[in-house]
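Scroll down for the structure; my scribbles are underneath it.
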Ligand SMILES: Nc1ncnc2c1ncn2[C@@H]1O[C@H](COP(=O)(O)OP(=O)(O)OP(=O)(O)O)[C@@H](O)[C@H]1O
Ligand SMILES: [Mg+2]
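Residue numbers (my numbering), protein chains in the order written: chain A, 1322 to 1640; chain B, 1166 to 1439.
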C-alpha cells in the first residue's frame, strides 16, 4: 500500500486504529448507563484545558487530560448526589467548558486557534504524540477489558452492584477518568466536538446486531477500528477532514445496519408474538418500543446533555 | 423488647427450623430512616433467624421497601441500629452472604445483555471481581435452573417479558447462594407458574437453613412457607407473629395457635393492609 510509505500517514493510521479501539471500549459502558452524552460533556470541559494550555504556552494536550479528568470526576460526583437535578447542573458545566476554552484561547498571544482541537488534526500527529497515545490507549484497554465484569455489573444495575459489596464509587470514578483520557486521546483524531460520536455510534451499530454484552463490546470495537481506519485512509485520497469523514462513515453504517435489520427484527417480533400468549405480547411490545426509543436517544447523542435522558442506571422503581 | 419466634412456626413447617436462641441473621432495633426529609421508618424492630422465612407486609407507602433497603445499605439509618450476622452494619463486609432482589425494575440497561451475563453479575463481590471459574458457572446454571430460565440463558434480557425479567433478577440473587435472601415484592405481576417456582425456591432455601426476608402484598401460594409475618404501618411495626389471618386464604382452621406476642395485636390485624 503506497500510503504506508509516508511516516505521517503511518502515524495517522496508528492513531486512528488506537482511537477506534478505545473510544467504543469506554463508550459501551456509558451507553449501558444511558449516559451517551457524557463523552460530549467531557469534550466540552477539555476545551477549557486546551484554552489554558494555549494561554500558558504549555502542552494543551496535557492540560486537556488534566482538566477533562477533573471535570469527569466532578460530573460523577454531581450524578451520584443529585439523581434528578443533575442533568441541569451538568449542562451548565458543559457550556462553561466551551465558553471558558474560547475565552482563554482568545486571550492567548500568537495565532493559536482552537480549530485543530475542535475538529482534529490527524495528519500532524508527531512521533512523541504517538508514544503518549499508545501508552494511554493501553491503559484504557486494560481498564475497560480487564475490569469488564465489575464495570458491567455497576453499569447494568448500580444499586445491585452496591449491595454486592463492589467498590461502586471507585469503579464509577474509574469509568469517568478513563472516559476523560479517551476523549483527550481521540481529540487528535476526530476533534473534541465529534469525540462522543466515536464512543457512541459504533455501540449503537453493534447493539442492533447483538444480544449479549460481550459480543456488543467486541463488535463495537471492531466497528470503531473499521470506520476510523477507513476514514483516515479515505482522507489520503480525498481532501476531506478526517474527523468528519470518520463520523459520517459511522453514521452511514448505522443507518445501513438499521435498514437491514429492521425487517429481520420485525419478523422475529411477529414470530414471537404468534408464539406467546396475548398477555405476554403486551409486555413484549412495550419492551420493543422501549428499545427503539433507546436506540433513538443513543443515535442523537451528539446533542448537548440538556436534551438527553436523565442519567439513571436503572429505571426508577415504581413506588 | 424481645421478639420470640412463635411456636406455631415450628408446627406449620416440616423443614428444620432454627432454634430460638440461634443468633439472628438480621437484627434491626429502633430503626428510623428519612427520604427527602420525611420520616419513613419510625422505630422499626425486625429480626430474622437462620432458616426462617419472614414476610414483611403493609400497605403501599408503609415503608417496606425502605426497611429492606436500609438493611442492604441503600438507605442510611438516621437512628437505631442494624446487625447482620451478628456484625454491626457499619463494619459488615461479608456481602457475599446476602442476595437482594429489588422491587420490580427492568433488568435491561442501555446495551444488550444476555440472561446469563446478568445472572453471572450476581457472583461478583469485593474479593471476586475478575475471573469467574467453574464453581461460578455451576452456581449460575443452578440459579437459572431454579427459576426455570436455563433454556433462555443466551437470550437478550430486553426481549423477555416482565415476569421473566423478574425471574432473572431472582436468579441473580440466588447465584450468590446467599445465607440471607431479601426479595422486594417478587410476586408482583407474576403468573401462577412463576409463583410456584418461587415457592419451590423458598422451600429449598429453607431446607438448607438459609434465611429469607420477603416483602409481599399478599401471601397467596407462599402462605404455608411463611414462618412469621411483620406488618408495617406508617413506618412502625404493628404486628409481628403468625401471618395475619385476613391475609391467608386458608387461615389455618383447626390449628390452635399459642403465640403470646402476636396476641396483643391479633384484634388489630383485620384490615391492616387497607
Ligand atoms: N425518593 C423518595 N423521596 C421522598 N419520599 C419517598 C421516596 N421514596 C419513597 N418515599 C416515601 O416513603 C414512604 C415509604 O416508601 P416505600 O417505598 O418504602 O413503601 P413500600 O411500603 O415499599 O410501598 P409499596 O408497597 O408501594 O412498594 C412512602 O410514603 C413514600 O411516599
Ligand atoms: Mg416497595
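Positions of the beta carbon are idealized from the N, C-alpha and C atoms, including for glycine.
Starting from residue 1295 (chain B), find everything on chain A with Cβ-Cβ shorter than 7 Å and list it in chain order.
Chain-order list of chain A residues neighbouring residue 1295 (chain B): 1470, by C-beta distance under 7 Å.
Going by CA-CA distance only, name the one from B:1335, B:1231, B:1254 that's closest to residue 1311 (chain B).
Comparing Cα positions, the closest option is B:1335.
Straight-line gap, residue 1414 (chain B) to residue 1332 (chain B) (C-alpha atoms, nearest Å)
Residue placement at residue 1414 (chain B) is flagged as unreliable, the pLDDT there being 41, under the threshold of 50; a coordinate-derived value is accordingly withheld.
Buried or exposed: which applies to residue 1397 (chain A), given that a residue is buried once 16 or more other Cβ atoms fall within 10 Å of its Cβ?
It counts as buried.
According to DSSP, residues forming a beta bridge with residue 1253 (chain B)
According to DSSP, residue 1253 (chain B) bridges with B:1248.
Rounded to a whole number of angstroms, what is the C-alpha to C-alpha distance between residue 1446 (chain A) and residue 1568 (chain A)?
So the alpha carbons of these two residues sit roughly 19 Å apart.
So with CB distances below 7 Å, who are the chain A contacts of residue 1289 (chain B)?
Chain order gives the chain A residues near residue 1289 (chain B) as 1470, 1471, 1474, 1485, 1487, where near means a beta carbon separation below 7 Å.
Skipping 5 residues on each side, what residues in its chain have a beta carbon closer than 8 Å to that of residue 1395 (chain B)?
So the list reads 1211, 1219, 1220, 1221, 1222, 1402, 1404, 1405, once near-sequence residues are dropped.
At the 8 Å Cβ level, is residue 1534 (chain A) part of the contact set with chain B, yes or no?
It does; some Cβ of chain B falls within 8 Å.
Buried or exposed: where does residue 1559 (chain A) fall if 16 or more other Cβ atoms within 10 Å of its Cβ makes it buried?
Exposed, because fewer than 16 other Cβ atoms sit within 10 Å of the Cβ of residue 1559 (chain A).
Between A:1529, A:1532, A:1333, which has its C-alpha nearest residue 1564 (chain A)'s C-alpha?
Residue 1564 (chain A) has its Cα closest to that of A:1333, out of A:1529, A:1532, A:1333.
Along the stretch 1224 to 1250 of chain B, where does the CB come closer than 9 Å to a CB of chain A? Name the residues.
If the cut-off is 9 Å between Cβ atoms, the stretch 1224 to 1250 of chain B has 1225, 1226, 1230, 1234, 1237, 1238, 1239 near chain A.
Compare the C-beta of residue 1531 (chain A) against all C-beta atoms of chain B and say whether one is closer than 8 Å.
It does: the Cβ of residue 1531 (chain A) has a partner Cβ on chain B nearer than 8 Å.
Residue 1193 (chain B) and residue 1245 (chain B) closer than 8 Å at C-beta
At a Cβ-Cβ threshold of 8 Å, residue 1193 (chain B) and residue 1245 (chain B) count as neighbours.
Taking only heavy atoms of ligand 1 into account, decide whether any of them is closer than 7 Å to the Cβ of residue 1225 (chain B).
Yes; taking the cut-off as 7 Å, the Cβ of residue 1225 (chain B) has a heavy atom of ligand 1 nearer than that.
Continuous alpha helix (DSSP H) assignments of at least 4 residues falling wholly in the stretch 1390 to 1448 of chain A:
Segments of the alpha helix (DSSP H) lying fully in the stretch 1390 to 1448 of chain A: 1407 to 1428, 1436 to 1440.
What are the residues that DSSP puts in a beta bridge with residue 1212 (chain B)?
B:1192.
Boundaries of the beta strand (DSSP E) in which residue 1348 (chain B) is found, first to last residue:
Counting along the chain, the beta strand (DSSP E) containing residue 1348 (chain B) begins and ends at 1345 to 1349.
Name the one or two DSSP bridge partners that residue 1440 (chain B) has.
In this structure chain B extends from 1166 to 1439, so residue 1440 (chain B) is not present and cannot be described.
Give the residues of chain A in contact with residue 1361 (chain B), contact being defined as C-beta atoms less than 9 Å apart.
Against residue 1361 (chain B), chain A offers no close residue; the least beta-carbon distance is about 17 Å (beta-carbon pairs closer than 9 Å).
Residue 1344 (chain A) vs residue 1519 (chain A) beta-carbon contact at 8 Å
Contact annotation: residue 1344 (chain A) and residue 1519 (chain A) have beta-carbon atoms nearer than 8 Å.
Per-residue burial, residue 1413 (chain A) [other beta carbons within 10 Å of its own, 16 or more giving buried]
Result: exposed.
Buried or exposed: residue 1258 (chain B), going by 16 or more other Cβ atoms within 10 Å of its Cβ?
Exposure of residue 1258 (chain B) is indicated by the presence of fewer than 16 other C-beta atoms within 10 angstroms of its C-beta.
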